[in-house]
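Structure, as structure tokens:
Numbering (full-length UniProt numbering), first residue to last: 1 to 170.
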């Protein structure tokens with residue numbers, strides 16, 4: 001049997017027999033309402049409708065209805081558009097040790113040292129306003145939560161609880 005006869009026999013939907021316009025508009029409207037950032041284009045929407053709803057709608061119909069329902073979406077997806085810059089404000093800092101950043105590094109791991117399976121992990125803290133290194137240690141594992149917790153508590157004791165805001169970087 002030919003493909004055409006098999007499709008007719010098993011009632012397979014095709015793009016050449018789309019649903020009525022109002023049904024297509026309703027389905028496309030549902031999919032667009034879930035797409036708040038308007039980043040999905042007509043091809044993605046068409047595929048999503050075919051998967052989730054089992055309805056095949058031609059791409060030109062999807063494109064036309066998307067332009068009617070979400071006019072700003074095509075401008076957002078345009079590859080050459082100029083993005084609006086992020087609004088940046090002034091950072092406020094009350095002084096030294098107000099904000100301290102913690103971070104662990106695995107820069108001297110076994111691949112860098114080439115000494116077998118030996119590696120040296122580093123964990124450090126730095127004051128945000130003065131950019132001064134408060135403490136820098138070598139630790140057995142910079143990703144272990146108990147090691148990081150001990151280091152954090154030692155840093156609090158070293159700073160005599162002078163800071164009002166501690167942050168962890170990784």
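Glycine included, every Cβ here is placed at the ideal spot set by N, Cα and C.
Where the beta strand (DSSP E) containing residue 103 begins and where it ends
Position 103 of the chain shown, counted from the first residue, corresponds to residue 103. Start and end: 99-108.
Starting from residue 134, trace the beta strand (DSSP E) in both directions and tell me its first and last residue.
As a working mapping, residue 134 is identified with position 134 in the chain shown. Residue 134 -> beta strand (DSSP E) spans 133-139.
Take every Cβ of the stretch 54-72, pair it with every Cβ of the stretch 28-43, and state whether three or more of those distances are shorter than 8 angstroms.
With the cut-off at 8 angstroms, the stretch 54-72 and the stretch 28-43 touch.
Check whether the stretch 112-128 and the stretch 140-147 are in contact - that is, three or more C-beta pairs closer than 8 angstroms.
Remark: three or more beta-carbon pairs, one from each stretch, lie closer than 8 angstroms, so the stretch 112-128 and the stretch 140-147 are flagged as touching.
By a C-beta neighbour count over all protein chains shown, 10 Å radius and 16 as the cutoff for buried, is residue 45 buried or exposed?
In the chain shown, residue 45 corresponds to position 45, counting from 1. Burial call: buried.
Tell me, please, whether the stretch 52-66 touches the stretch 93-100 by the rule of three or more beta-carbon pairs shorter than 8 angstroms.
no
Go ahead and label residue 27 buried or exposed: buried means 16 or more other beta carbons lie within 10 angstroms of its beta carbon, across all protein chains shown.
Along the chain shown, one-based indexing puts residue 27 at 27. Classification of residue 27: buried, given that the 10 Å Cβ count is 16 or more.
At what residues does the beta strand (DSSP E) containing residue 125 begin and finish?
Against the chain shown, residue 125 aligns to sequence position 125. From DSSP, the beta strand (DSSP E) with residue 125 extends over 120-127.
Own chain residues within Cβ distance below 6 angstroms of residue 197, not counting five before or after:
Examination of residue 197 is not possible in this model, given that the chain is present from 1 through 170 alone.
Among 19, 3, 82 and 74, which residue has its Cα nearest to the Cα of residue 50?
Looking up residue 50 in the chain shown gives position 50. That would be 19, whose Cα lies nearest to the Cα of residue 50.
State the DSSP-derived secondary structure class of residue 4, mapped to helix, strand or coil.
In the chain shown, counting from the first residue as 1, residue 4 sits at position 4. It is helical.
Residue range of the alpha helix (DSSP H) that includes residue 157
Here residue 157 is taken as the residue at index 157 of the chain shown, counted from 1. Here the alpha helix (DSSP H) through residue 157 covers 145-158.
Could you check if residue 1 is buried or exposed, using at least 16 other CB atoms within 10 Å of its CB as the buried criterion?
Taking the chain shown and counting its residues from 1, one reaches residue 1 at position 1. Answer is exposed; the Cβ neighbour count stays below 16.
Given a cut-off of 7 angstroms, decide if residue 148 and residue 127 are closer than it, judged by their beta-carbon atoms.
Here residue 127 refers to the residue found at position 127 when the chain shown is read from its first residue. Here residue 148 refers to the residue found at position 148 when the chain shown is read from its first residue. No, the Cβ-Cβ distance between residue 127 and residue 148 is not below 7 angstroms.
Three-state class that DSSP yields for residue 70 in the structure shown:
As a working mapping, residue 70 is identified with position 70 in the chain shown. Three-state DSSP puts residue 70 in coil, outside helix and strand.
Residue 125 and residue 146 - do their beta-carbons sit closer together than 7 angstroms?
As a position in the chain shown, residue 146 is number 146, starting the count at 1. As a position in the chain shown, residue 125 is number 125, starting the count at 1. No, the pair does not count as a contact, with Cβ atoms beyond the cut-off.
Shortest alpha-carbon distance to residue 43 belongs to which of 151, 17, 66 and 88?
Within the chain shown, residue 43 is the residue found at index 43, counting from 1. When only C-alpha atoms are compared, the closest one is 66.
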